[in-house]
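Read the structure below first, then the notes.
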Amino acid sequence: TQTQTGKISLCALLGLLTGSVRGELRYSIPEEMVKGSFVGNIEQDLGLDHKRLVAGRTRIVTRGSNQYFELNIQTGILVVKEKIDRESLCGQIPLCTLSFEIILENPIELHPVAVEILDINDNAPTFPVKEVKLEISESSLPGSRFLLESADDPDVGVNALQSYTLKPLDYFNLKLQNRADGSKYVEMVLQTPLDREKQEELSLVLTAADGGNPQKSGTLKINIVVLDANDNPPVFTQSLYRASVFEDAIKGTLVTTVTATDADKGSNGRVTYFLSRITDNALDLFQLEQNTGKITVAGSLDFEKTKHYEINVQAKDDGGLIDSSKVIIEVKDINDNIPVIDVMSFSGTVSENVEVGTTVAVINVEDADSGRNGQIQCAINQNVPFKIQSSLAKYYSIVTDSVLDRESISMYNITITARDQGSPPLSNTRVILLNISDVNDNAPIFEKNSYSAYVIENNTPGLSVFSLQAKDSDWNQNARISYLLVESNLDGVPVSSYISVNSESGAIYAVRSFDYEQIKEFHIQVKAQDGGSPPLSNKVTVKIFVLDQNDNAPQILYPVHTDGSLVAEMVPRSADVGYLVTKVVAVDADSGQNAWLSYKLLKATDRALFEVGLQNGEIRTLRQVTDKDAVKQRLVVVVEDNGQPSRSATVNVNVAVADSFPEVLSEFTDFSQDSNGNLTFYLVLALAAVSFLFIISIVILLALKFYRRRQKEMKPGSFVGDIVNDLGTDGVRRTLIIKSSIKNYYTLITDGTLDREHVSEYNITITATDEGTPPLSSNTTLTLKISDVNDNAPVFDQGSYSAFIVENNTPGLSVLSLKAKDADWNQNARISYLLEDELINGTPVASLISVNSESGVVYTVRSFDYEQIKSIEIKVIARDGGSPPLISKAAVNIFVQDQNDNSPQILYPVHTDGSLVAEMVPRSADVGYLVTKVVAVDADSGQNAWLSYKLLKATDRALFEVGLQNGEIRTLRQVTDKDAVKQRLVVVVEDNGQPSRSATVNVNVAVADSFPEVLSEFGDFSQDKDYNDNLTFYLILSLSLVSFLFMASIIVIISLKFYRWRQSRFLYKSNVTLPVIPSAYYPPRYADVGGTGTLQHVYNYEVCLTTDSGKSEYRFIRPVSQNLVSVDP
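Note that the sequence shown covers residues -23 to -1, 1 to 1106 in mature numbering (1 follows the signal peptide of the UniProt record, and there is no 0).
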């Protein structure tokens, strides 16, 4: 049986700890049940969902080492874990209960459970001994009482000891007595006087029986020895003694003294005391003085183990008469136990976004003491955002008292203090460490709201322009920041074609070389996005300013210099000082100081006559013009900008000093010959160059002839020289030789191709040996280092790479890391990675993929859709830093993997609003009749596109079924006349993705043998006025369209016929010779290929039919030449 209590108290407790502690659940089971026996259904009795039971990591928590029950998480059933003996657990306590707690987590719930262990009659009454011997005086009077040993039965209730019987009853009978404490004892009462001379010994049997079914019993054999007269038995002064002693009493402490008196004299009046029916533990704890009756402490008492003891004391005289009494010793508690703190449930981690009042731990506090010594107060330290509150007796919950913030404090040490009310009070502490888990509640923050970056024009692509840094106060994945370039257009061009951002470091790189004259500045937005779910982001504006570089020379606008023509400025001879002759006008496309122009006079016929304004380019006279000044004056003006280094341009200015134009012409006629003079000069120069090259060629040719002739004259293997001895080397492979240039001077020259990548340094030992006897020599060593040239292109590890990404990826995802190596050194080996510009389905590849120019990591720029792009092939360029740079390419195939992001689409039956499509089933249809088929497709692929069909709803589910794989709707049974005409089915189509997606379709089925019967049932659908109106409109529109197309086709055919007729009439009726037509317009030539010579000529024929020709009339063209055909009229 099972009961549930505490429902009223539960409502009050929920106000203190919502969802944490519930009312006590009680069960009762008999003892001695086998392992696995059913106790109760926890899931059902607590009203818990099975998913909650599993997700909450439900478990049993018990106090003590033994756990008698276990919970099956899969079924929610509470079962017996090991056999339970009620007597060993509870002894003689009538109500035996085992209490434990069931704890669930996330959120924490505590459910107290009490299981009452019911007694079964598994123990028979037993006596302490099998046989006792009593000595009774023959002078004992009838009515004398003799205390007998009582039987003990560990069972309780009706299964406990119920009755005694004595046999035989010749001299004695039994009487059951009650003590003051309610306990019972049995006495034997003398009925008939004893006579020792008649019967010296008696043998009796005492039987104790319980009330169980079946009944159990135990026996005690009583041997009585009849003694001579001893007419007064000992008598205790009290039938029940009560005493108390503190549990910390030392050995020898007096507990109480029992006293018995005997009216006899002599040895019959001497009384001794001894213990009877005392438990083993009491026997070790107390000691009775036989002569004095003093009971003292003999061992260590513990109130928490046993609160009181019952001791049976007997007084016996030397005559054998006895009396008995009972001593109840109460152990008094002292405050000797500190409170014990037991953490019942504690996960160790709590999320920072939990609500105020959320339970983070449940603790149990026990104090084995009693009274005020066992009354406990619990508290926690004050400097934490938590509080402790009592939920049930001895249970406390630690709940949040304010909002948590991991970014402020990520860990709390909660000190739990439990203090009892004893004197002096005892306390205990326990510290639990609570970690605050992070939630993504902080977006990345840039140090500034906007940034400015500067890049000099004509930069190299891949140049690092700026580096951004954002911070996120969250932790771990929530604080992992990715940097993304916000897509925008700059003059219609995606900003990603100008700038790229390293998603990990935040470094901004230039994708192309900038030209200040085209772009002076532009703004981009960079987004910093964390790795939380959902991710948080922040944007910042970066202003990029392109700085001007002096890359443009000044351009002369005036005077304009044209080849072959002469422009001269005229100065009258009356011109005074400062006369303005002309002005040189120039511009510079650069800006700033790079565009500041200065004008200088570079050359002049008479430098004392003219000057040029430094800033304005005005040419003025320096002095008065005189008659002696030549008419022809040539000035060369240079225009320089202010850049570093400066750039310049020159212009020739012709000045005529004259008063009349004829005078100018007479003087400047020789200028017209300048161009011819220049031409002559260049002709002479070209002739000289050609002659020189011709002579050099003749010399080289003769030298080669001579060299080959010498080679032919020498035999193979002829000795030429001893290189090793002549050079003084050790014979190793070398690329250097030594030659004598002039006396006592030698030249060390290269004799082969050097390769720094193979040998980067040579140690050259030069040995000089004279011809003396003995020869003397000397040597010196030179170290020659080979400098690097950029002769090795970067090499990728592989020729092609493959990478896989799942669709719907987050932009900025790292796809692949490429690595190239360059055998060169230093700058020539510094590799940068670029994405080759190309289009993928009309979209620039840079809008799909980006490459980190330094690391070679390939990132996604956007989220991919498998249904649009299944794979892309890009080419990554590895370029070194040499001049000129060398490159190599690697193909990267990126495969987009499918994700189940598309629901199935129903193709048939098609559902149209306002119209009804019904499948007709005859009433004679048998089992398995095919009604219709649901056809669906899924845009995904693989198992995401595997579809299954199920019948979700139906007017009569017993009539139809849907094929799981093919979607065929068939009858499950024979159609009868009782089946309704209108049947509506709802079919659900699910794919096999994780998680799966589905779509539903309504299928209308008409069970009828004739169409009028269907119309009568479905008539409410057939009168849709809007449907009829739409049908009429579309019919008229279709008729008009077909008629128009038909008329247009007729007109086109007639027009073509008329055009062809006109063409043929023109050719046939013409009386003039047709124009010459190339042979390429006529059929191929036919020739005699058999060698018989039947064809004497090569013939070309054209067969022409005219509108005037009959059906069998042909016109042949006579044979003509191979290239031309002439047709006679």
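Note that beta-carbon positions come from the ideal geometry of N, C-alpha and C, so glycine has one too.
For D261, the secondary structure class from DSSP, reduced to helix, strand or coil, is helix. Its chain contains V182 as the residues whose beta carbon lies nearer than 6 Å to that of K144, once the 5 sequence neighbours on both sides are disregarded; these appear in chain order. Secondary-structure assignment with DSSP links H735 through no beta bridge to anything.
The Cβ neighbour count for V980, taken over all protein chains shown within 10 Å, is at least 16; the residue is labelled buried. Look at P471 here: in three-state DSSP terms it is strand. Take L579, set aside five residues on each side of it, and the residues of its chain with a beta-carbon closer than 7 Å to its own are V613, V614, V615, T627, in chain order. Within the segment 349 to 379, the complete beta strand (DSSP E) runs of at least 3 residues fall at 353 to 357, 363 to 367, 372 to 377. P105 and G120 have their C-alpha atoms spaced approximately 26 Å apart. Between the segment 164 to 184 and the segment 68 to 80 there are fewer than three inter-stretch CB-CB distances shorter than 8 Å, so the stretches are not counted as touching. If the five residues before and after A456 are omitted, its C-beta is found closer than 7 Å to the C-beta atoms of D449, D507, all from its own chain and listed in chain order.
In the three-state reduction of the DSSP assignment, R29 falls in the helix class. Going by DSSP, Q21 is part of the alpha helix (DSSP H) stretching over 19 to 22. Ranked by Cα distance from L816, the first of Y810, S809, I826, I808 is I826.
Residue environment: P549 is assigned as exposed (fewer than 16 neighbouring CB atoms within 10 Å of its CB, all protein chains considered). Residue V608 holds the alpha-carbon nearest to the alpha-carbon of V641 among V608, S623, A487, A666. DSSP places S779 in the uninterrupted beta strand (DSSP E) bounded by 777 to 783. The count of Cβ pairs closer than 8 Å, one atom from the segment 183 to 201 and one from the segment 212 to 229, stays below three, leaving the stretches out of contact.
Put simply, the backbone Cα of A585 is about 29 Å away from that of D565. Straight-line measurement puts the Cα of F280 at about 17 Å from the Cα of I288. Bounds of the alpha helix (DSSP H) holding L66 are 63 to 67.
Note: H88 is bridge-paired with I79 in the DSSP secondary-structure output.
Around the beta carbon of A484, a 10 Å sphere encloses 16 or more other beta carbons of the protein chains shown; the residue is thus reported as buried. The C-beta separation of Q526 from Y493 comes to about 7 Å, placing the pair in contact by the 8 Å criterion.
Going by DSSP, G439 is part of no beta strand (DSSP E) at all; its letter is neither H nor E.
Spanning the alpha carbons of L795 and Y843 requires a straight line of approximately 24 Å. N631 sits close to E546, with the two beta carbons spaced by under 8 Å.
When the alpha-carbon of N740 is set against those of M165, Q502, L725, N358, the nearest one is in L725. Inclusion of I409 and A356 in the CB contact set at 8 Å is not warranted, their separation being larger than that value. Look at M547 here: in three-state DSSP terms it is strand. The beta strand (DSSP E) runs of length 3 or more contained entirely in the segment 841 to 871 are, from start to end of the chain, 848 to 856.
A residue is called buried when at least 16 other Cβ atoms come within 10 angstroms of its Cβ; D857 meets this threshold and is buried. In terms of Cβ geometry, L252 and L278 do not form a close pair [threshold 8 Å]. The Cβ neighbour count for Q610, taken over all protein chains shown within 10 Å, is at least 16; the residue is labelled buried.
Cβ contact annotation for D636 (same chain, cutoff 6 Å, sequence separation greater than five): P549, R550, in chain order. Of the candidates S216, L197, F587, the residue whose Cα lies closest to the Cα of R600 is F587. Within the same chain, Cβ atoms closer than 8 Å to the Cβ of D986 are found at P899, R900, S901, the five residues on either side in sequence being excluded.
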